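Per full-length UniProt numbering, the sequence shown starts with residue 1, numbered consecutively.
Beta carbons are placed, not taken as given, at the ideal position from N, Cα and C, and that holds for glycine.
None of the values given here were measured: they were computed from a predicted structure.
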Amino acid sequence: MTFPYLDIIIRSVAVYFFMTIALRIFGKKELSQLNTADVILILLISNSVQNAMVGPDTSLTGGLIAALVLFVINFAIKKLTRKYKTLSNILLDKPEVLIHDGKLDFKALSRLDISDEELKEAMREHGIEFFKNVKLAMLEIDGTISIISEDQNQLKQTHYKRRHNRKNLQKF
Numbered sequence: 001m002t003f004p005y006l007d008i009i010i011r012s013v014a015v016y017f018f019m020t021i022a023l024r025i026f027g028k029k030e031l032s033q034l035n036t037a038d039v040i041l042i043l044l045i046s047n048s049v050q051n052a053m054v055g056p057d058t059s060l061t062g063g064l065i066a067a068l069v070l071f072v073i074n075f076a077i078k079k080l081t082r083k084y085k086t087l088s089n090i091l092l093d094k095p096e097v098l099i100h101d102g103k104l105d106f107k108a109l110s111r112l113d114i115s116d117e118e119l120k121e122a123m124r125e126h127g128i129e130f131f132k133n134v135k136l137a138m139l140e141i142d143g144t145i146s147i148i149s150e151d152q153n154q155l156k157q158t159h160y161k162r163r164h165n166r167k168n169l170q171k172f
């Protein structure tokens, strides 16, 4: 007698690794800057791979097993990437330098498909007007752009700055 849900487990593992590889190929920038079309894409992908994971089994048990397998794989991958540097290098992205001492890395910007306007927007969010005033700009592994200015007094988190500006606007 075979385990009746083994097929769901194998399918779920396959879909998990397919999605991991697909996100690795298409880039981390896409994850942090979701627009309406990206959200729709994610919803459609999740719907399309559901059948690939559970097959003809549309029972509650089948769906819960598929979800459990995804949680277990994700947990195991996180543990393994912390323990094994080689696996971490294969599965996880690294931060990328975009600007260093006011000089743009055009190769990195092109490879990561980051436009001039996107970079300027990130600089404005950090209160920086000119590229020459950027000591370091990095595309972080979560897809956000971190910027350190030449002026050490300008070191602020973007989210903090946004809340601070909203409070000041409410006073008027």
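**OP:** Would you mind giving the Cβ-Cβ distance between Ile148 and Lys94, rounded to the nearest angstrom? I have them listed as a contact below 8 Å.
**Re:** Within the sequence shown, the letter at position 148 stands for residue 148. Within the sequence shown, the letter at position 94 stands for residue 94. About 18 Å separates the two Cβ atoms, so there is no contact after all.
| Residue range of the alpha helix (DSSP H) that Ser88 falls in? | As a working mapping, residue 88 is identified with position 88 in the sequence shown. Run containing Ser88: Lys85 to Leu91, per the alpha helix (DSSP H) assignment.
Practice item. Can you tell me the Cβ-Cβ gap for Ile90 and Tyr16, rounded? I've got them flagged as a contact below 8 Å. Key: As a working note, residue 90 is residue 90 in the sequence shown. As a working note, residue 16 is residue 16 in the sequence shown. Contact doesn't hold; Cβ gap of about 15 Å is too wide.
Open item on the list: So the candidates are Lys120, Ser88, Leu104 and Ser110; which of them puts its Cα closest to the Cα of Thr20?
Closed with: The residue you call residue 20 lines up with position 20 of the sequence shown. Out of Lys120, Ser88, Leu104 and Ser110, Ser88 has the C-alpha closest to the C-alpha of Thr20.
* Taking the alpha carbon of Ala108 as the point to measure from, which residue in Asn47, Arg124, Thr58 and Met138 has its own alpha carbon closest? -> The residue given as residue 108 occupies position 108 in the sequence shown. Measuring from the Cα of Ala108, the nearest candidate turns out to be Met138.
Pairwise C-alpha distance: Ala14 and residue 261 = It is not possible to answer for residue 261, since the shown part of the chain is limited to 1 through 172.
*Just list the beta strand (DSSP E) runs in the stretch 72–126, keeping only unbroken ones of 3 residues or longer that don't cross its boundaries, in chain order.*
Listed in chain order, the complete beta strand (DSSP E) runs (minimum 3 residues) inside the stretch 72–126 are 96–100.
| query | Does the distance from the CB of Ile128 to the CB of Leu98 come in under 9 Å? | reply | Here residue 128 refers to the residue found at position 128 of the sequence shown. Here residue 98 refers to the residue found at position 98 of the sequence shown. No, these two residues do not count as a Cβ contact at 9 Å.
Is the beta carbon of Asp113 closer than 9 Å to that of Lys133?
In the sequence shown, residue 133 corresponds to position 133, counting from 1. In the sequence shown, residue 113 corresponds to position 113, counting from 1. The sequence given here has Asn at residue 133, not Lys. No, they are not a contact pair.
I believe Met53 touches Ile8 by the beta-carbon criterion, under 8 Å. Please report the beta-carbon distance rounded to the nearest angstrom.
For this step, residue 53 is matched to residue 53 along the sequence shown. For this step, residue 8 is matched to residue 8 along the sequence shown. Rounded, the Cβ-Cβ distance is 6 Å, consistent with contact.
Inset, instruction - Kindly identify the DSSP beta-bridge partner or partners of Ala137. - result: Stepping through the sequence shown from its first residue, residue 137 is reached at position 137. Ala137 is bridged to Ile99 and Ile147.
Return the CA-CA distance between Asn47 and Lys103, expressed in angstroms with no decimal places. In the sequence shown, residue 47 corresponds to position 47, counting from 1. In the sequence shown, residue 103 corresponds to position 103, counting from 1. If I take the Cα positions, the gap works out to 44 Å.
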